[in-house]
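Chemist: First, the structure itself, so that you have it in front of you.
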Amino acid sequence: MSDLMSIVKGRRSIRRFQDKPVPETDLQQILEAVQWSPSWANTQCWEIVVVKDREMKERLNEALSPTNPAKKGLPDAPLVLALCGKLKSSGFYKGQATTKLGDWFMFDLGIATQSLCLAACNLGLGTVIVGSIDHDKAKDVLGVGEGYELVALIPVGYPAKESAAPKRREISEFTHSDKF
Ligand SMILES: Cc1cc2nc3c(=O)[nH]c(=O)nc-3n(C[C@H](O)[C@H](O)[C@H](O)COP(=O)(O)O)c2cc1C
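Just so we're aligned: 14 in this note's numbering is position 13 of the sequence shown, and the numbers increase by one with no gaps anywhere.
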């Protein structure tokens with residue numbers, strides 16, 4: 002298996018973190034992975050808030066419901082990256098959506114998120130994409146400006162507990178030949 006495939010297949014959602022800081026050089030590499038992600042017409046509509054302050058992490062954690070499996074570990078992660086997207090830029094031309102699918106910011110942010118998580122995994126760091134949150138609450142905590150949405154919180158740190166790989170669909174279940 003190539004290194005890339007072992008990272009793609011070996012990356013797991015990590016929800017518990019060691020009390021060990023993430024080196025600044027590693028954070029830079031993770032951000033570089035976002036920087037080089039593809040996006041609609043190279044729009045690069047992402048904005049990232051790097052949260053290290055414990056009180057800020059705890060306030061952000063209040064945006065997660067008590068049943069969110071990421072809630073217990075989030076404040077212990079040395080870093081929480083808040084991924085925000087600029088609205089009405091990706092998929093737009095002269096202020097008009099160019100496809101029936103409208104705003105492509107979620108798509109671009111999804112790609113950037115995967116780049117980020119794979120780069121972190123490559124450095125031995127764990128991540129979990131936390132999308133099931135009260136977005137407005139988290140937005141307020143971070144002071145996200147008008148015209149932007151906070152999409153996901155991504156705690157980053159050294160894994161304290163490994164998780165098992167949830168089962169995947171067989172390739173034959175989602176692959177269609179010539180017609181849907
Ligand atoms: C868009 C998105 C939102 C997610 N939101 C949450 C979340 O709110 N809480 C959580 O614990 N995991 C969340 N996850 C992680 C998924 O549960 C996880 O990726 C999936 O179960 C597959 O496991 P794996 O990442 O270990 O392969 C989210 C994943 C994605 C892609």
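Even glycine gets a Cβ: it sits at the ideal position worked out from N, Cα and C.
Where does the unbroken beta strand (DSSP E) through G158 begin, and where does it stop?
Modeler: That run of the beta strand (DSSP E) goes 149 to 158.
Chemist: Name the residue from V52, H177, L110 whose alpha carbon lies nearest to the alpha carbon of S90.
Modeler: Looking at the Cα atoms, L110 is the closest of the given residues.
Chemist: Quick check: what's the CA-CA separation for F106 versus V142?
Modeler: Distance between the alpha carbons of F106 and V142: 21 Å.
Chemist: Whole angstroms are fine: how far does the CA of H177 sit from the CA of A153?
Modeler: Computed Cα separation, rounded: 31 Å.
Chemist: Out of curiosity, what's the CA-to-CA distance linking S14 and I130?
Modeler: C-alpha separation (whole angstroms): 7 Å.
Chemist: Give the C-beta separation of S164 and N69 to the nearest angstrom, bearing in mind that I take them to be a contact with Cβ-Cβ under 8 Å.
Modeler: About 15 Å; that fails the 8 Å criterion.
Chemist: Examine ligand 2 and report whether any of its heavy atoms sits within less than 8 Å of the Cβ of R13.
Modeler: For the structure depicted, ligand 2 is absent and the ligand set comprises only ligand 1.
Chemist: Using the C-alpha atoms, what's the distance from L32 back to W41?
Modeler: So the alpha carbons of these two residues sit roughly 19 Å apart.
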